[in-house]
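Q: Sending over a structure as structure tokens; questions will come in a sec.
Protein chains: 2
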Amino acid sequence: MIVEIIAIGTELLLGQIVNSNASTIGAALAERGFDAHFQQVVGDNEDRVAETIKLAMGRADAVIITGGIGPTQDDLTREAVCAATGLEMEFSEEYAEVLRQWWSDRGRVMPESNLQQAQHPAGAKLLMNPKGTAPGLVIDHDDTLIFCMPGVPAEMEYLIQHDVIPRLSDVAGETAVLASRLLRTWGRSESDIADSMDDLYRSSTNPSMAFLASGGEIKIRITAKAATEAEAYDLIEPMETEVRSRLGSSVFGVDDETIERVMFRLLDEHGYTIATAESMTGGLVAAALTSLPGSSAVMRGGIIAYDSELKRRLLGVTDTTTVVDVETAEQMALGGRELLGADVAVSVTGSAGPEPLEKPQGTMVIGVSTPEHTQAKELRMVGDRERVRTYAVTSALHLTRLALIGKWWKP
Amino acid sequence: MIVEIIAIGTELLLGQIVNSNASTIGAALAERGFDAHFQQVVGDNEDRVAETIKLAMGRADAVIITGGIGPTQDDLTREAVCAATGLEMEFSEEYAEVLRQWWSDRGRVMPESNLQQAQHPAGAKLLMNPKGTAPGLVIDHDDTLIFCMPGVPAEMEYLIQHDVIPRLSDVAGETAVLASRLLRTWGRSESDIADSMDDLYRSSTNPSMAFLASGGEIKIRITAKAATEAEAYDLIEPMETEVRSRLGSSVFGVDDETIERVMFRLLDEHGYTIATAESMTGGLVAAALTSLPGSSAVMRGGIIAYDSELKRRLLGVTDTTTVVDVETAEQMALGGRELLGADVAVSVTGSAGPEPLEKPQGTMVIGVSTPEHTQAKELRMVGDRERVRTYAVTSALHLTRLALIGKWWKP
Chain A
1 MIVEIIAIGT ELLLGQIVNS NASTIGAALA ERGFDAHFQQ VVGDNEDRVA ETIKLAMGRA
61 DAVIITGGIG PTQDDLTREA VCAATGLEME FSEEYAEVLR QWWSDRGRVM PESNLQQAQH
121 PAGAKLLMNP KGTAPGLVID HDDTLIFCMP GVPAEMEYLI QHDVIPRLSD VAGETAVLAS
181 RLLRTWGRSE SDIADSMDDL YRSSTNPSMA FLASGGEIKI RITAKAATEA EAYDLIEPME
241 TEVRSRLGSS VFGVDDETIE RVMFRLLDEH GYTIATAESM TGGLVAAALT SLPGSSAVMR
301 GGIIAYDSEL KRRLLGVTDT TTVVDVETAE QMALGGRELL GADVAVSVTG SAGPEPLEKP
361 QGTMVIGVST PEHTQAKELR MVGDRERVRT YAVTSALHLT RLALIGKWWK P
Chain B
412 MIVEIIAIGT ELLLGQIVNS NASTIGAALA ERGFDAHFQQ VVGDNEDRVA ETIKLAMGRA
472 DAVIITGGIG PTQDDLTREA VCAATGLEME FSEEYAEVLR QWWSDRGRVM PESNLQQAQH
532 PAGAKLLMNP KGTAPGLVID HDDTLIFCMP GVPAEMEYLI QHDVIPRLSD VAGETAVLAS
592 RLLRTWGRSE SDIADSMDDL YRSSTNPSMA FLASGGEIKI RITAKAATEA EAYDLIEPME
652 TEVRSRLGSS VFGVDDETIE RVMFRLLDEH GYTIATAESM TGGLVAAALT SLPGSSAVMR
712 GGIIAYDSEL KRRLLGVTDT TTVVDVETAE QMALGGRELL GADVAVSVTG SAGPEPLEKP
772 QGTMVIGVST PEHTQAKELR MVGDRERVRT YAVTSALHLT RLALIGKWWK P
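Next up, the structure:
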């Protein structure tokens, strides 16, 4: 069953608000295995709203419209549905009574302007919602179900979960379930991963594969559709196994296992505490390590040695004639571990930009010191100051992970 | 001139990410007075992408497409543009050379799969972006400008501001100009500000006023439309003067003068250096202070004393039986100033949550120490861990600003 979402509101076109309703509904539909091919956004203009509804009716089995069903002058979804379907507008005294009752149940008198909500395309059913004052509508026309939802997220969400999804499931009969697994990787480029997955990517549509890049990590999403969740995961499993065997220890986590979570699990398994010694990232690595609740159990603290004098005096760096190099990073990690009394320390020095510092802008050197070993690695990132700093944080966390699982890199 | 935005990506349909690109672009277009009637979202399917492009070309003067121009198999925007326009796909050795040069300028060798980005619909021009590795494209076909933008927000945004908007403005010729002034405030609530501006808000549509709240700051945007930029600013000025006189020193900056920039200017004027001593914010205050290029001129460094033992040993806090209090924050600021050899230090301690620490979750105590005076202030924020930490950073920067302009708060 194909479902299309239309969001109505000039404020969406002007970028004054983000269309979070479409993603909320999209996720609810995907979870139940309904298909979605398109979404549309249109301003508060009756003709154009009608145009989007006609287009959606021509290519979907159900259309979910959000916004434009309140009691004011610019609420024109009802009129647009009439224009798109050719249905007459009706006033229902019965619905007016339902509305009056809704208000009086809450100890209030309905404002007269709300009577507009008893107007509806012929044959429409009211969908009452306890979250607000605008009831939804459902119209069954020409084998297409048209749902009109309020634009207010909480009201919309209630109706989607309690009314729209059950009705769609009824009509669709048994539906399929969509399940997905997210494999999180670090250390290989997006194009490199895509190259090595090319045959898998092309050979299968169920399960299907997608690549997502963010903050220096590449995520591989494997999605399958089946009658039950268990069957969907059965389809996912062989592809997941194959991907994992090709990518080895580049895969560091699954689903919601972020690198921060993985690191905390590893530190906890070793009974280790951790500390940071940062220059170019200026506190961002420590901020990442303290972003999770309960981080005080393993995180001791950190030193931000932005000035070279602090690198020498606090961290024991012997020579700061140059600071973007492996020796400095190793000494910072060792010195930070000692000063802060931690089992493990991670250090970052480098050239964030925009001006180059000793080495080309985007150069970063990350050091890790554990009770077993101390080692640093020089990396390079393309991008502006913010992107370079973000990438340095991710790299620092990932190199610490590699050290904790005993996979030290080649010097 | 009518512009239509198409966002490509199955992850948008599935609700895995929100279509923030569309609102970013929508806002940028609205600011320059371009019209938008529709937006579309479509999955990674060549035929359907081509369908959306055809539809948009039929009703808009320019089409902005985001996503699907990376180097992987599911990047099919180029193919879809060819299908929609009937243009041939070409491989340009010249563009391949530009791409290779782009990589080699950054000291790296281009992965072979990135050569796909030298493929383009006949007649397309590359739009290089310094933020990442996927160049945009612009195609002038049948009196319609088609822009292909990367899906990564930072890269997309750069190209929109530096390339797309100027090209659209060139084609549109002179239009009415929209100018706006952003007044940045801190220390008063949104409803308090809205109440005190109510008469101004209601009395005028040109200039118009809008309120934006983020990270504890309230921004007031005054927007005017006129034939020239100078005339628009003439309309803005009287309202700006009135707003400023009502809000006094709550207004800390204008337009792109973030609190970080304002602080750096103040530090520079005093010839002061700064340092941080953080607990609950775990490095975020230092990260904010090092986010600007050239921050090393005033920023010495910081201590993250997450563990109480470090508060005592490094910062000289005398008693850590309790740590979420004014005494601890003042000693942290003083101790940080001394250890790090800075003229000014700012400290943060508190209860970020989710579990309360000594005081209710959301309590924060911020200390500022300057050569003249040392003082702390307890604040409270409602929200989750992330929101509380963000608000603590903003508050720390703002209290430091107040100290630097001699407006110490009442104890």
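These protein sequence lines are chains A and B, in that order. Going by my numbering, the first residue of the first sequence is number 1, and it counts up by one from there. Going by my numbering, the first residue of the second sequence is number 412, and it counts up by one from there. The C-beta atom is built at its ideal place from N, Cα and C for all residues, glycine as well.
Output, in chain order, the set of chain A residues within a Cβ distance shorter than 8 angstroms of LYS542 of chain B.
A: Reading the second sequence from its first residue, position 131 is the one you call residue 542 of chain B. By Cβ distance, chain A contributes GLY383, ASP384 and ARG387.
Q: Specify whether the region 146-156 of chain A and the region 199-211 of chain A touch according to this definition: at least 3 beta carbon pairs, one from each stretch, less than 8 angstroms apart.
A: no
Q: Return the chain-ordered list of same chain residues with a C-beta closer than 8 angstroms to the C-beta of ALA624 of chain B, the five sequence neighbours on each side being excluded.
A: Residue numbering aside, residue 624 of chain B sits at position 213 when the second sequence is read from its first letter. If we look at ALA624 of chain B and ignore the five residues flanking it on each side, its Cβ neighbours are GLU601 and LYS630.
Q: What three-state label does DSSP hand ARG599 of chain B in the structure shown?
A: Within the second sequence, residue 599 of chain B is the residue found at index 188, counting from 1. In the structure shown, the three-state DSSP call for ARG599 of chain B is coil.
Q: Go through the region 697-730 of chain B residue by residue and report every complete run of the beta strand (DSSP E) that reaches 3 residues or more, in order.
A: Here the runs fully enclosed are 710-716.
Q: Determine the DSSP secondary structure at GLN161 of chain A, reduced to helix, strand or coil.
A: Position 161 of the first sequence, counted from the start, is the residue given in the question as residue 161 of chain A. GLN161 of chain A sits in a helix when the DSSP states are folded into three classes.
Q: What does DSSP give as the partner residues of ASP140 of chain A in its beta bridges?
A: Numbered from its first residue, the first sequence carries residue 140 of chain A at position 140. Bridge partners of ASP140 of chain A: A:LEU145.
Q: Which residues in chain B sit within 8 angstroms of PHE211 of chain A, going by Cβ to Cβ distance?
A: For the purposes of this step, residue 211 of chain A is taken as residue 211 along the first sequence, with counting starting at 1. Correct list: THR483 and ASP485.
Q: For PHE757 of chain B, which of B:GLU628, B:ALA439, B:VAL696 and B:LEU570 has the nearest alpha-carbon?
A: Counting from one through the second sequence, the residue named residue 757 of chain B turns up at place 346. Position check: residue 757 of chain B holds Val in this sequence, whereas Phe was assumed. Its Cα nearest to that of VAL757 of chain B, the residue B:VAL696 stands out among B:GLU628, B:ALA439, B:VAL696 and B:LEU570.
Q: Can you list, in chain order, the stretches of the beta strand (DSSP E) that have 3 or more residues and sit fully within the region 69-100 of chain A?
A: Those beta strand (DSSP E) runs which fall completely within the region 69-100 of chain A and span 3+ residues are 89-91.
Q: Is DSSP giving PRO532 of chain B helix, strand or coil here?
A: Residue numbering aside, residue 532 of chain B sits at position 121 when the second sequence is read from its first letter. DSSP places PRO532 of chain B in strand when its eight states are reduced to three.
Q: Return yes when the Cβ of GLY437 of chain B is within less than 8 angstroms of the Cβ of GLY15 of chain A, no when it is not.
A: Taking the first sequence and counting its residues from 1, the one referred to as residue 15 of chain A is at position 15. Taking the second sequence and counting its residues from 1, the one referred to as residue 437 of chain B is at position 26. Taking 8 angstroms as the cut-off, the beta carbon of GLY15 of chain A is found closer than this to the beta carbon of GLY437 of chain B.
Q: Distance, Cα to Cα, MET521 of chain B vs LEU646 of chain B?
A: Within the second sequence, residue 521 of chain B is the residue found at index 110, counting from 1. Within the second sequence, residue 646 of chain B is the residue found at index 235, counting from 1. In a straight line, the C-alpha of MET521 of chain B is about 51 angstroms away from that of LEU646 of chain B.
Q: Relative to the C-alpha of ILE604 of chain B, which residue among B:LEU677, B:ASP485 and B:GLU628 is closest?
A: Working through the second sequence from its first residue, we reach residue 604 of chain B at position 193. Ranking the options by Cα distance to ILE604 of chain B, first place goes to B:GLU628.
Q: Check whether the Cβ of ARG380 of chain A lies closer than 8 angstroms to any Cβ atom in chain B.
A: Here residue 380 of chain A is taken as the residue at index 380 of the first sequence, counted from 1. It does: the Cβ of ARG380 of chain A has a partner Cβ on chain B nearer than 8 angstroms.
Q: Got a sec: is the Cβ-Cβ distance from HIS162 of chain A to anything in chain B below 8 angstroms?
A: Position 162 of the first sequence holds residue 162 of chain A. No, HIS162 of chain A lies away from the interface with chain B (no Cβ there is under 8 angstroms from its Cβ).
Q: List the residues of chain A whose Cβ lies closer than 9 angstroms to the Cβ of GLN530 of chain B, in chain order.
A: The residue given as residue 530 of chain B occupies position 119 in the second sequence. Per Cβ cutoff of 9 angstroms: no residues; GLN530 of chain B is ~14 angstroms from chain A at best.
Q: Which stretch, first to last residue, makes up the beta strand (DSSP E) that contains ALA545 of chain B?
A: Looking up residue 545 of chain B in the second sequence gives position 134. Note, ALA545 of chain B: premise wrong, no beta strand (DSSP E); not H, not E.
Q: Please confirm whether GLU190 of chain A has its beta-carbon closer than 8 angstroms to some beta-carbon of chain B.
A: The count along the first sequence starts at 1 and reaches residue 190 of chain A at position 190. Closer than 8 angstroms to some Cβ of chain B, the Cβ of GLU190 of chain A qualifies, so yes.
Q: Whose Cβ in chain A lies nearer than 7 angstroms to the Cβ of GLN742 of chain B?
A: For the purposes of this step, residue 742 of chain B is identified with residue 331 of the second sequence, where counting begins at 1. Within chain A, no residue comes near GLN742 of chain B; the closest Cβ sits about 16 angstroms away, beyond 7 angstroms.
Q: Distance cutoff 8 angstroms, beta carbons only. Does ASP234 of chain A sit that close to anything in chain B?
A: Taking the first residue of the first sequence as position 1, residue 234 of chain A is located at position 234. ASP234 of chain A does not count as touching chain B.
Q: Do the region 256-273 of chain A and the region 282-302 of chain A make contact, defined as three or more Cβ pairs closer than 8 angstroms?
A: yes
Q: Could you confirm whether any beta carbon from chain A is found closer than 8 angstroms to the beta carbon of ILE629 of chain B?
A: Position 218 of the second sequence, counted from the start, is the residue given in the question as residue 629 of chain B. No, ILE629 of chain B lies away from the interface with chain A (no Cβ there is under 8 angstroms from its Cβ).
Q: Does SER208 of chain A come out as helix, strand or coil in the three-state DSSP assignment?
A: Sequence index remark: in the first sequence, residue 208 of chain A carries index 208 (1-based). Strand at SER208 of chain A.
Q: Checking contacts by CB at 8 angstroms: is ASP679 of chain B closer than that to chain A?
A: For the purposes of this step, residue 679 of chain B is taken as residue 268 along the second sequence, with counting starting at 1. It does not: the Cβ of ASP679 of chain B has no partner Cβ on chain A nearer than 8 angstroms.
Q: Which of the three DSSP states, helix, strand or coil, is assigned to THR52 of chain A?
A: In the first sequence, residue 52 of chain A corresponds to position 52, counting from 1. DSSP, read as helix, strand or coil, puts THR52 of chain A in helix.
Q: If I measure Cβ to Cβ from ALA507 of chain B and keep anything under 7 angstroms in the same chain, skipping five residues before and after, which residues do I get?
A: Indexing the second sequence from 1 puts residue 507 of chain B at position 96. Cβ neighbours of ALA507 of chain B beyond the five flanking positions: LEU526 and ALA529.
Q: Looking at the structure shown, is ASP795 of chain B part of a helix, part of a strand, or coil, going by DSSP?
A: Here residue 795 of chain B refers to the residue found at position 384 when the second sequence is read from its first residue. Note: ASP795 of chain B maps to coil in three-state DSSP.
Q: Between the C-alpha atoms of THR273 of chain A and ASP343 of chain A, what's the straight-line distance to the nearest angstrom?
A: Start at 1 with the first residue of the first sequence, and residue 273 of chain A comes out as number 273. Start at 1 with the first residue of the first sequence, and residue 343 of chain A comes out as number 343. In this structure, the alpha-carbon of THR273 of chain A lies about 5 angstroms from that of ASP343 of chain A.
Q: Taking DSSP as the reference, what is the three-state secondary structure of PHE34 of chain A?
A: One-based indexing of the first sequence puts residue 34 of chain A at position 34. Coil at PHE34 of chain A, not helix or strand.
Q: Quick one: which chain B residues come within Cβ less than 8 angstroms of PRO354 of chain A?
A: Here residue 354 of chain A is taken as the residue at index 354 of the first sequence, counted from 1. Here the neighbours are PRO704.
Q: Give the DSSP bridge partners of THR477 of chain B, in chain order.
A: As a working note, residue 477 of chain B is residue 66 in the second sequence. BP columns for THR477 of chain B point to B:ALA418 and B:MET560.
Q: For the beta strand (DSSP E) holding ALA740 of chain B, just list the boundary residues, first then last.
A: Walking along the second sequence from the start, residue 740 of chain B turns up at place 329. No beta strand (DSSP E) holds ALA740 of chain B; the alpha helix (DSSP H) holding it covers 737-751.
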